[in-house]
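Colleague: Starting off with a structure, shown below.
In this note's numbering, the protein residues as written are 1398 to 2052.
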């Protein structure tokens, strides 16, 4: 970071309007070197808009944003266009394309410094500072260092060395977002803007990112609903509320306390103002038609016009207490696994899983992405086959929240009607409050489901599930689209739930105080840990695991498992065979290689087709198209069959 600058971003009288409505106005603040800022506020307050404006991707209605010359800005949006035409390494190396440009700038500055003689001038000193700053940046990213830095960053975000030379097209959207995050971190911008950076990360990668952000130079401004993450990273909190920005020079947890105090002050000021307004109106009403009081009445009316209404921050709905009624009592052991094993062809997902979940327990499934957490959940739900024994206890009624749960909602119903149809008893009187706690307050409760965004549908599906009579809840990443207040409501509801709960989550704050047992997935095994999430983290030491990834700790994909006999092994075998046998073996191997390649291409085509169908289903029109749903399910079935064919072809080739 440029050492001679105290502030690197200056915002003056910023105003943003949408459809003649001010999102925020009269915003003035500075972002300083080494600031670690959490940008907070309710959904729709303008957090992402603020990041876009600072990044230069959106123009404000009015106001000025200034930065000293040479300051670089890096921006990670929630959604971006991802490239699929390079390997992981090649894509990440794009972060260093500016090295040559930076080198040319340094050469130019060096020539200027050599030719100029105005050594005492302010302009010359600024040139010296900039030359030193850019030279330091180049030294950190030159050809002798950047390769190691690239590998370190990608491994910190969950990739292994073997993954670096695989095409990015083999990875899911979440893994490709990690590549984009790695590129941004490798560029080392002076100002780093991150919009929900932990959405696609597991606990290990989140902790690595925390450590990286705390130790880097420059400024960081981030939006996140991960309370533990922002508490560990940030030292300043900017809240967007009621069209204004409030600046707190403290971490998030301290801000929450200060905000409560501020709201109390606002409330008292609001009540005093309302009393003053009422007194003025009473005076006007009483003496309006008395000529002797005309001057006083006019004075009061002018006084009334000058009063600026005091706004009170929105009510914190996280204080809403919900108690969900459990259905009939289940057996003592809702889930028992004995030597449960799952393979996809030759690829071991997990093996020999032994676990017993008792009635009323709340447990967490944790581990790096791709290690089998959701796979075991699908085994429990009897959605896929497995070997070994898996027993569901007596009278167990399962409520399952999966990532595609939102697609099953009736698009023609309103938000309110969707919940009203499943609510029972006293809870029906609190539907509006519940919807408000999950950000469906006011007119939002009257929207039809088909016009909701993907995140809104997910939240609605979560409410619907929690109101249905079950005694075993299985929740797969339930907090992905919830803000902190909604997560607090959900956490309290689950904690008070009398039944059994299995939670798959990477959100440490959400799991803290909620679960009493942790099952760790990794390397094809499932290990039991007694205690809460932080008890597990103390013994697990995930940062050590990141630096030295185990064989099983890698993102899974088909091509990662593809292997053919090595050249050396083939050479050794050939020496023991006759010429004709060698030719026959070569022909057979070529035939099998072609079969594997054809199967891979088929799987790739079907994967692309499913991705396209999911995009159509995410639209308001597609969400109600039953024919589209049928096509989607049929294509998924074809993909499963194609994957099995690929596995069989690969197994024959390896033999």
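Here a beta-carbon is modelled for each residue, glycine too, at the ideal position from N, C-alpha and C.
If we call anything under 8 angstroms between Cβ atoms a contact, is residue 1364 one with residue 1617?
Modeller: Shown here, the chain extends from 1398 to 2052; a query on residue 1364 therefore has no answer.
Colleague: Excluding five sequence neighbours on each side, which residues of the same chain lie with their C-beta closer than 6 angstroms to the C-beta of residue 1628?
Modeller: For residue 1628, where only same-chain residues beyond five positions count, the Cβ hits under 6 angstroms are 1648, 1649 and 1650.
Colleague: Considering Cα atoms alone, identify which of 1799, 1864, 1848 and 1853 is closest to residue 1824.
Modeller: For the residues 1799, 1864, 1848 and 1853, the minimum Cα distance to residue 1824 belongs to 1864.
Colleague: With a cut-off of 8 angstroms, do at least 3 Cβ pairs link the region 1726-1735 to the region 1749-1759?
Modeller: Enough Cβ pairs lie closer than 8 angstroms, so yes.
Colleague: How is the alpha helix (DSSP H) around residue 1849 delimited, first residue to last?
Modeller: Looking at the DSSP string, residue 1849 is not in any alpha helix (DSSP H), and its letter there is neither H nor E.
Colleague: Which of the three DSSP states, helix, strand or coil, is assigned to residue 1643?
Modeller: Correct three-state label for residue 1643: strand.
Colleague: Using a Cβ-Cβ cut-off of 8 angstroms (strictly less than) and excluding sequence neighbours within five positions of residue 1484, which residues of its own chain qualify?
Modeller: Excluding sequence neighbours, residue 1484 sits near 1561, 1562, 1563, 1564 and 1565.
Colleague: Does the Cβ of residue 1591 have 16 or more other Cβ atoms within 10 Å, making it buried, or fewer, making it exposed?
Modeller: Result: buried.
Colleague: Helix, strand or coil, according to DSSP, for residue 1995 in the structure here?
Modeller: Here residue 1995 sits in helix by DSSP.
Colleague: Where does residue 1496 fall in DSSP's three states?
Modeller: Helix, per DSSP.
Colleague: Would you say residue 1785 and residue 1735 are within 8 angstroms of each other, going by their C-beta atoms?
Modeller: Yes. Within cutoff.
Colleague: Is residue 1530 helix, strand or coil when you go by DSSP?
Modeller: In the structure shown, residue 1530 sits in a helix (DSSP, three-state: H, G or I).
Colleague: Taking the CB atoms as reference points, tell me whether residue 1787 and residue 1916 lie closer together than 8 angstroms.
Modeller: No. Outside cutoff.
Colleague: For residue 1458, which beta-bridge partners are listed by DSSP?
Modeller: The partner list for residue 1458 (beta bridge, DSSP) is empty, contrary to what the question assumes.
Colleague: Given a cut-off of 8 angstroms, decide if residue 1921 and residue 1762 are closer than it, judged by their beta-carbon atoms.
Modeller: For residue 1762 and residue 1921, no; Cβs fall outside 8 angstroms.
Colleague: For residue 1488, which residues of its own chain have a beta-carbon under 8 angstroms away from its beta-carbon, when the five flanking residues on both sides are left out?
Modeller: Same-chain partners within the cutoff: 1480, 1565, 1576 and 1580.
Colleague: Determine the contact status of residue 2025 and residue 2000, defining contact as a CB-CB distance below 8 angstroms.
Modeller: It is not a contact, given that the beta carbons lie outside the stated cut-off.
Colleague: Candidates 1620, 1709 and 1619: which alpha carbon is nearest residue 1657's?
Modeller: It is 1709 whose Cα lies nearest to the Cα of residue 1657.
Colleague: So, do the region 1807-1815 and the region 1842-1849 have three or more beta carbon pairs nearer to each other than 8 angstroms?
Modeller: Counting Cβ pairs under 8 angstroms, three or more are found: they touch.
Colleague: In or out: residue 1822 buried (at least 16 other Cβ within 10 Å) or exposed?
Modeller: Answer is exposed; the Cβ neighbour count stays below 16.
Colleague: Any heavy atom of the ligand NAP within a distance shorter than 7 angstroms of the CB on residue 1591?
Modeller: The ligand NAP is absent from the structure shown, which contains no ligand whatsoever.
Colleague: Three or more beta-carbon pairs under 8 angstroms between the region 1663-1672 and the region 1694-1707, yes or no?
Modeller: Output reads yes: the region 1694-1707 touches the region 1663-1672.
Colleague: Taking the C-alpha atoms as reference points, what is the distance between residue 1431 and residue 1870?
Modeller: Residue 1431 and residue 1870: Cα-Cα distance of roughly 43 angstroms.
Colleague: If you follow the alpha helix (DSSP H) that residue 1578 is in, where does it begin and where does it stop?
Modeller: Unbroken alpha helix (DSSP H) run through residue 1578: 1570-1583.
Colleague: By a C-beta neighbour count over all protein chains shown, 10 Å radius and 16 as the cutoff for buried, is residue 1858 buried or exposed?
Modeller: Result: buried.
Colleague: Closer than 8 angstroms is the cut-off here; do at least three beta carbon pairs connect the region 1738-1747 with the region 1686-1704?
Modeller: With a cut-off of 8 angstroms, the region 1686-1704 and the region 1738-1747 do not count as touching, because too few Cβ pairs lie within range.
Colleague: Answer yes or no: do residue 1462 and residue 1405 have a C-beta to C-beta separation smaller than 8 angstroms?
Modeller: Result no, Cβ atoms of residue 1462 and residue 1405 do not sit closer than 8 angstroms.
Colleague: Alpha carbon to alpha carbon, how far is residue 1417 from residue 1410? Give it in angstroms, no decimals.
Modeller: Approximately 17 angstroms, taken between the alpha carbons.
Colleague: Ordered along the chain, which non-local residues of its own chain (more than five positions away) have a Cβ less than 7 angstroms from that of residue 2002?
Modeller: If we look at residue 2002 and ignore the five residues flanking it on each side, it has no Cβ neighbours.
Colleague: Who are the near neighbours of residue 1796 in its chain, counting only those whose CB is closer than 6 angstroms to its CB and skipping five residues on each side?
Modeller: Only 1862, 1865, 1867 and 1870 meet the Cβ criterion.
Colleague: I think residue 1434 touches residue 1635, with their Cβ atoms under 8 angstroms apart; what is that distance to the nearest whole Å?
Modeller: Between residue 1635 and residue 1434 the Cβ distance is about 6 angstroms, and since that is below 8 angstroms, they are a contact.
Colleague: Apply the 10 Å Cβ neighbour rule to residue 1892 and answer buried if 16 or more other Cβ atoms are within range, or exposed otherwise.
Modeller: Classification for residue 1892: exposed.
Colleague: For residue 1730, name the three-state secondary structure that DSSP assigns.
Modeller: In this structure, residue 1730 counts as coil in the three-state DSSP scheme.
Colleague: Can you look up residue 1707 in the DSSP assignment and give me helix, strand or coil?
Modeller: Three-state DSSP puts residue 1707 in coil, outside helix and strand.
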